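For the sequence shown, position 48 (counting from the first letter as 1) is numbered 48 according to the UniProt record's numbering, and the numbering increases by one without interruption.
Built from N, CA and C at the ideal position, the CB exists for glycine as well.
Just so we're clear, the structure is a prediction, and the values are computed from it rather than from any experiment.
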Amino acid sequence: MKFADLGLSTELLKSLDDAGYSEPTPIQAQAIPPILMMRDLIGIAQTGTGKTASFVLPMIDILSQGRSRARMPRSLILEPTRELAAQVAENFEKYGKYTKLNMALLIGGVSMGDQIAALERGVDVLIATPGRLMDLFERGNILLTGCDLLVIDEADRMLDMGFIPDIEHICTKLPATRQTMLFSATMPPPIKKLSDKFLNNPKYVEVSRPATANNNIEQFLVDVAPIKKRQLLRDLLNSENIQNAIIFCNRKTTVRELNKSLKRHGFRSGEIHGDIDQAQRQAELEAFKNGDINLLVASDVAARGIDVKNVSHVFNFDTPWHADDYVHRIGRTGRAGAKGRAFSFLTKADDEAIDAIKKLLKMDIPRFAYNPGAKKKAKEDLDNDGDDIKAEKPKSRRVKSEKPEKSDNRRRYKSDENQSMQSDKRPAPYKQIDAKEDGAWNGPVPTFFDIGIELD
Numbered sequence: 001m002k003f004a005d006l007g008l009s010t011e012l013l014k015s016l017d018d019a020g021y022s023e024p025t026p027i028q029a030q031a032i033p034p035i036l037m038m039r040d041l042i043g044i045a046q047t048g049t050g051k052t053a054s055f056v057l058p059m060i061d062i063l064s065q066g067r068s069r070a071r072m073p074r075s076l077i078l079e080p081t082r083e084l085a086a087q088v089a090e091n092f093e094k095y096g097k098y099t100k101l102n103m104a105l106l107i108g109g110v111s112m113g114d115q116i117a118a119l120e121r122g123v124d125v126l127i128a129t130p131g132r133l134m135d136l137f138e139r140g141n142i143l144l145t146g147c148d149l150l151v152i153d154e155a156d157r158m159l160d161m162g163f164i165p166d167i168e169h170i171c172t173k174l175p176a177t178r179q180t181m182l183f184s185a186t187m188p189p190p191i192k193k194l195s196d197k198f199l200n201n202p203k204y205v206e207v208s209r210p211a212t213a214n215n216n217i218e219q220f221l222v223d224v225a226p227i228k229k230r231q232l233l234r235d236l237l238n239s240e241n242i243q244n245a246i247i248f249c250n251r252k253t254t255v256r257e258l259n260k261s262l263k264r265h266g267f268r269s270g271e272i273h274g275d276i277d278q279a280q281r282q283a284e285l286e287a288f289k290n291g292d293i294n295l296l297v298a299s300d301v302a303a304r305g306i307d308v309k310n311v312s313h314v315f316n317f318d319t320p321w322h323a324d325d326y327v328h329r330i331g332r333t334g335r336a337g338a339k340g341r342a343f344s345f346l347t348k349a350d351d352e353a354i355d356a357i358k359k360l361l362k363m364d365i366p367r368f369a370y371n372p373g374a375k376k377k378a379k380e381d382l383d384n385d386g387d388d389i390k391a392e393k394p395k396s397r398r399v400k401s402e403k404p405e406k407s408d409n410r411r412r413y414k415s416d417e418n419q420s421m422q423s424d425k426r427p428a429p430y431k432q433i434d435a436k437e438d439g440a441w442n443g444p445v446p447t448f449f450d451i452g453i454e455l456d
């Protein structure tokens, strides 16, 4: 099947051809025709399947007729994160370049002034996160009574982030006779309840079983002690054929510290998490996309907002707390038919979380048999192979003169003790009792020793 068979306009087909696309993905082939027929739709698809284009493309054709009015957007797309909203905006710019549609992006972390100015000029497509949209709505800067198209993207992520009450409130401000599309990778009961409440006889499109991982991704579990995680990561980064990789952590502090550690060891890495402002986030993402850095350490804020081609590996430095997040993390690789590898570091404390992931996926995840000393031993065996005569290792002989001398502290303590004994004729046991009663230490000066904790 070709895009031309789906009933898209000539201008849209031209932009698709410019982008190098001629055949739709399964979700696009099934979702575009009913959307063009103005039907409500529920789309269940895993990440990396072309889900965004499945609603962007028909929306461009639908909105090409008509004109926008000030502060009254004609369509609304709700996204859970800034990164996802920016990604959808990029799709509209790429595929709608032969149309005259106006678009506005409402996200936090940037000034409201430019966003309000864009709304005043009139907007055909409004892409927003729920928080910023509610702020502007309550200030009276936006009216939703003219919005005839609504897209709720990544609905399960909206649920995880606590946005469902905001979405319900937003839906009450929209016209009752509208077209609504809901897309999600999973379909938990609260999302099913939301769809029953706000969608009218929707077309149900499912291209994969809910919460399944991409078959193009090889998944592995790697057993490791918590203290050895950084060393294991460095070993895998050096041994795997890494083009670029995303490393996910559960906490923002872990993201910062791990990025610093990787840089100290000579890796080209960057970081992205919720404490970074929008401008810095965008700069880090651009550096990752352009190849200035090939490792991106991220929190779950980026799990569904990074659309970078040819990500070869994903590392779960921390096992995700929610099983659904595992699907979206590893979905950053193996996109658009490419192959990918995903490694999850497993400690004893992660057994319960891994069991939940396996239950969700309904499959087992194989252990990765990693032996850090195996390659080194194999290299040594290869170097020694064929040697008929091995040189005898000379025996080490200890020279008496090399015996380490006592420390200066020990000698100084002895001399101080002798002087004290000469000045006080009492026996030594009485002096020890006095010293203990005074709270002083009467033993040798302690020396510090290495306990082998990895601090890098």
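Alpha carbon to alpha carbon, what distance is there between residue 61 and residue 183? Within the sequence shown, residue 183 is the residue found at index 183, counting from 1. Within the sequence shown, residue 61 is the residue found at index 61, counting from 1. If I take the Cα positions, the gap works out to 19 Å.
By how many angstroms is the C-alpha of residue 186 removed from the C-alpha of residue 318? For the purposes of this step, residue 318 is taken as the residue at position 318 of the sequence shown. For the purposes of this step, residue 186 is taken as the residue at position 186 of the sequence shown. For residue 318 and residue 186, the distance between alpha carbons rounds to 22 Å.
Go ahead and pull the three-state DSSP assignment for residue 238. Reading the sequence shown from its first residue, position 238 is the one you call residue 238. It is helical.
Hey, how far is the Cα of residue 383 from the Cα of residue 267? By 1-based counting over the sequence shown, the position of residue 383 is 383. By 1-based counting over the sequence shown, the position of residue 267 is 267. Bear in mind that the predicted position of residue 383 carries a pLDDT of just 43, short of 50, making it unreliable; the figure below should be weighed with that in mind. For residue 383 and residue 267, the gap between their C-alpha atoms comes out near 29 Å.
Residue 39: which of 250, 203, 359, 286 sits nearest, CA to CA? Taking the sequence shown and counting its residues from 1, one reaches residue 39 at position 39. Selection 250, 203, 359, 286 evaluated against residue 39 yields 203 as nearest (Cα-Cα).
I think residue 146 touches residue 59, with their Cβ atoms under 8 Å apart; what is that distance to the nearest whole Å? Along the sequence shown, one-based indexing puts residue 146 at 146. Along the sequence shown, one-based indexing puts residue 59 at 59. Residue 146 to residue 59, Cβ: 15 Å. No contact.
Name the residue from 261, 11, 275 whose alpha carbon lies nearest to the alpha carbon of residue 269. Locating residue 269 in the sequence shown gives position 269, where the first residue counts as 1. Among 261, 11, 275, the Cα nearest to that of residue 269 belongs to 261.
Given a threshold of 16 other Cβ atoms within 10 Å of its Cβ, counted over all protein chains shown, does residue 330 qualify as buried or as exposed? Here residue 330 refers to the residue found at position 330 of the sequence shown. Burial call: buried.
Validate contact between the region 159-168 and the region 104-117 using beta carbons, cut 8 Å, 3 pairs: no
Quick check on DSSP: helix, strand or coil for residue 353? Against the sequence shown, residue 353 aligns to sequence position 353. DSSP places residue 353 in helix when its eight states are reduced to three.
In angstroms with no decimal places, state the Cα-to-Cα distance between residue 275 and residue 83. Along the sequence shown, one-based indexing puts residue 275 at 275. Along the sequence shown, one-based indexing puts residue 83 at 83. Each residue's Cα considered, the two are about 14 Å apart.
With hydrogens ignored, establish whether the beta-carbon of residue 169 is closer than 7 Å to any heavy atom of the ligand MG. The ligand MG is not part of this structure, which contains no ligands at all.
Do you know how far the Cα of residue 177 is from the Cα of residue 17? Residue mapping note: residue 17 aligns to position 17 of the sequence shown, counting from 1. Residue mapping note: residue 177 aligns to position 177 of the sequence shown, counting from 1. Their Cα atoms are separated by approximately 34 Å.
Length of the line joining the Cα atoms of residue 241 and residue 23: Numbered from its first residue, the sequence shown carries residue 241 at position 241. Numbered from its first residue, the sequence shown carries residue 23 at position 23. The alpha-carbon atoms of residue 241 and residue 23 are separated by roughly 30 Å.
Under the three-state DSSP convention, the category residue 4 falls into: Sequence index remark: in the sequence shown, residue 4 carries index 4 (1-based). Looking at residue 4 - three-state DSSP - the assignment turns out to be helix.
Based on Cα-Cα distance, which residue from 353, 66, 299, 53 lies nearest to residue 221? To locate residue 221, count along the sequence shown from 1; it is residue 221. The shortest Cα separation from residue 221 among 353, 66, 299, 53 belongs to 353.
Short of 6 Å in beta carbon distance, which residues of its chain neighbour residue 181, apart from the five on each side in sequence? Order them along the chain. Here residue 181 refers to the residue found at position 181 when the sequence shown is read from its first residue. Only 41, 55, 151 meet the Cβ criterion.
List the DSSP bridge partners of residue 313. Working through the sequence shown from its first residue, we reach residue 313 at position 313. In the DSSP output, where bridge partners are listed per residue, residue 313 has 245, 341.
Between residue 310 and residue 216, what straight-line distance do the alpha-carbon atoms span, to the nearest angstrom? Along the sequence shown, read from residue 1 onward, the residue named residue 310 stands at position 310. Along the sequence shown, read from residue 1 onward, the residue named residue 216 stands at position 216. Answer to the nearest angstrom: the Cα atoms are 12 Å apart.
Output the distance between the C-alpha atoms of residue 175 and residue 117, rounded to the nearest integer angstrom. Taking the first residue of the sequence shown as position 1, residue 175 is located at position 175. Taking the first residue of the sequence shown as position 1, residue 117 is located at position 117. Their backbone Cα atoms lie some 24 Å apart in a straight line.
N- and C-terminal bounds of the alpha helix (DSSP H) containing residue 288: Position 288 of the sequence shown, counted from the first residue, corresponds to residue 288. Segment 278-290, the alpha helix (DSSP H) holding residue 288.
Would you mind working out which of 272, 224, 219 sits nearest residue 364, comparing C-alpha positions? Taking the first residue of the sequence shown as position 1, residue 364 is located at position 364. The shortest C-alpha separation from residue 364 is found at 219.
May I ask you to report which of helix, strand or coil DSSP gives residue 78? For the purposes of this step, residue 78 is taken as the residue at position 78 of the sequence shown. Here residue 78 sits in strand by DSSP.
Please state whether DSSP places residue 199 in a helix, a strand or coil. Here residue 199 corresponds to residue number 199 of the sequence shown, with the count starting at 1. In the structure shown, residue 199 sits in coil (DSSP, three-state: anything other than H, G, I, E or B).
Reduced DSSP secondary structure (H/G/I, E/B, other) of residue 364: Numbered from its first residue, the sequence shown carries residue 364 at position 364. Three-state result, residue 364: coil.
For residue 100 and residue 88, what's the separation of their Cα atoms in angstroms? One-based indexing of the sequence shown puts residue 100 at position 100. One-based indexing of the sequence shown puts residue 88 at position 88. Taking the straight line joining both Cα atoms gives about 17 Å.
Just reading off the alpha helix (DSSP H) that residue 113 is part of, what are its end residues? The count along the sequence shown starts at 1 and reaches residue 113 at position 113. Residues 112-121.
According to DSSP, is residue 92 part of a helix, a strand, or is it coil? Translated into the one-based positions of the sequence shown, residue 92 becomes position 92. Residue 92: helix per DSSP, three-state reduction.
Applying the 10 Å Cβ sphere with the 16-neighbour rule, what's the burial state of residue 169? Stepping through the sequence shown from its first residue, residue 169 is reached at position 169. When all chains shown are included, residue 169 counts as exposed.
Judging by CA-CA distance, which residue of 256, 15, 344, 124 is the nearest neighbour of residue 96? Translated into positions along the sequence shown, residue 96 becomes position 96. By alpha-carbon distance to residue 96, the top candidate from 256, 15, 344, 124 is 15.
Confirm, please, whether the CB-CB distance from residue 123 to residue 63 is below 8 Å. As a position in the sequence shown, residue 63 is number 63, starting the count at 1. As a position in the sequence shown, residue 123 is number 123, starting the count at 1. No, Cβ-Cβ distance for residue 63 and residue 123 is not below 8 Å.
On a CA-only basis, which of 237, 110, 351 is nearest residue 343? Give me that one, please. Translated into positions along the sequence shown, residue 343 becomes position 343. Comparing Cα positions, the closest option is 237.
May I ask which residues mark the beginning and end of the alpha helix (DSSP H) holding residue 30? Taking the first residue of the sequence shown as position 1, residue 30 is located at position 30. Following the DSSP letters along the chain, one finds residue 30 inside the alpha helix (DSSP H) bounded by residues 26-36.
Per-residue DSSP class, three states only, for residue 143: As a working note, residue 143 is residue 143 in the sequence shown. Coil at residue 143, not helix or strand.
Does the beta-carbon of residue 52 have 16 or more other beta-carbons within 10 angstroms, so that it is buried, or is it exposed? One-based indexing of the sequence shown puts residue 52 at position 52. So residue 52 ends up on the buried side.
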